[in-house]
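The structure appears below as structure tokens.
There are 2 protein chains.
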Amino acid sequence: MEKPQFITSIGEMPDAEFEAGLEPSSRHGADLRFHGVVRDLEEGRPILGIDYSAYRPMADRELEAIVHAMLAEQPEHRVAIHHRTGFVAAGEASLLIRVQTAHSAAAFEICREYLRRIKATVPVWKRPVFVED
Amino acid sequence: MEKPQFITSIGEMPDAEFEAGLEPSSRHGADLRFHGVVRDLEEGRPILGIDYSAYRPMADRELEAIVHAMLAEQPEHRVAIHHRTGFVAAGEASLLIRVQTAHSAAAFEICREYLRRIKATVPVWKRPVFVED
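Going down the list, the sequences are from chains X and Z. Under our numbering, the first sequence is numbered contiguously, ending at residue 1014. Under our numbering, the second sequence is numbered contiguously, ending at residue 1014.
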């Protein structure tokens, strides 16, 4: 049975939980996972984490639009993207982009391009929670 | 306490087990993991998996030499690499390269360069196990 070619998700689920539901593939030799991790400093000041919020209908639509455009440009990949919302503690991942391709070079290019487009256009807002807040 | 900047491993441990022992970091905003997965076809013929073997002293030394060279060229990253030996079934990963950097662009470049160098110089041999074997 053909597996779905893409999954997108925006919400409070931790990345590890989302990732645990992803399936392996014996048709894709390259499986690349980018985790965007919350750092413990924001402009030099220590933070506890980042509070993410999204205008969901627009963010979901924009994320799906990115995936459809990418699959049209590069049909031979599978992708799973999860962007967390709510509070994400420093050291945890707020974004996961997983790309599977037959060969490795494409995986690096495609994953990096997803990251670029997501950062550029998906409306997710971040509010650092400083240690002294 | 400072975490080790690199870990290299060659052996029969499954990738998932090796990966479970890796630590998160709140100083690195980018955590990129490349899994090299065994595909179910080899030159168009179905395979059950690949049997990997390594001349360990030389492979260990070569892998460490790659890491030392990369850390000299790009000091600001952490890396963990595991290459499996023995039989790896189709759909499972035989190689994991995890790179952590402060920012994302470097993670993609460094991870891809590790992959290129490992493929080029680490002496690991592969024998496909065909379905009809």
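Positions of the beta carbon are idealized from the N, C-alpha and C atoms, including for glycine. Since the structure is predicted, the reported quantities are computational estimates derived from the model, not experimental observations.
Task: Simplified DSSP assignment, three categories, for arginine 979 (chain Z) - done: strand
Open item on the list: Please return the same chain residues whose Cβ sits closer than 6 Å to the Cβ of valine 918 (chain X), not counting the five positions on each side in sequence.
Closed with: Ala974
Open item on the list: Please confirm whether proline 1009 (chain X) has its beta-carbon closer than 8 Å to some beta-carbon of chain Z.
Closed with: No, because no Cβ of chain Z sits closer than 8 Å to the Cβ of proline 1009 (chain X).
Open item on the list: If we define contact as Cβ-Cβ less than 8 Å, is histidine 964 (chain X) a contact residue for chain Z?
Closed with: No, its Cβ sits nowhere closer than 8 Å to a Cβ of chain Z.
Open item on the list: Is leucine 996 (chain X) close to chain Z? Criterion is C-beta to C-beta, closer than 8 Å.
Closed with: yes
Open item on the list: I'd like to know whether the C-beta atoms of tyrosine 995 (chain Z) and methionine 951 (chain Z) end up nearer to each other than 8 Å.
Closed with: yes
- [ ] Could you tell me which chain X residues have their CB closer than 7 Å to the CB of phenylalanine 989 (chain Z), listed as they occur along the chain?
- [x] Phe989, Arg993
Open item on the list: Taking only three categories from DSSP, how would you classify valine 918 (chain X)?
Closed with: strand
Task: Test item: CB-CB of histidine 909 (chain X) and arginine 965 (chain X) under 8 Å - done: no
Task: tyrosine 995 (chain Z) (DSSP reduced to helix, strand or coil) - done: helix
- [ ] Give me whichever residues DSSP pairs with leucine 913 (chain X) in a beta bridge.
- [x] X:Val980, Z:Phe915
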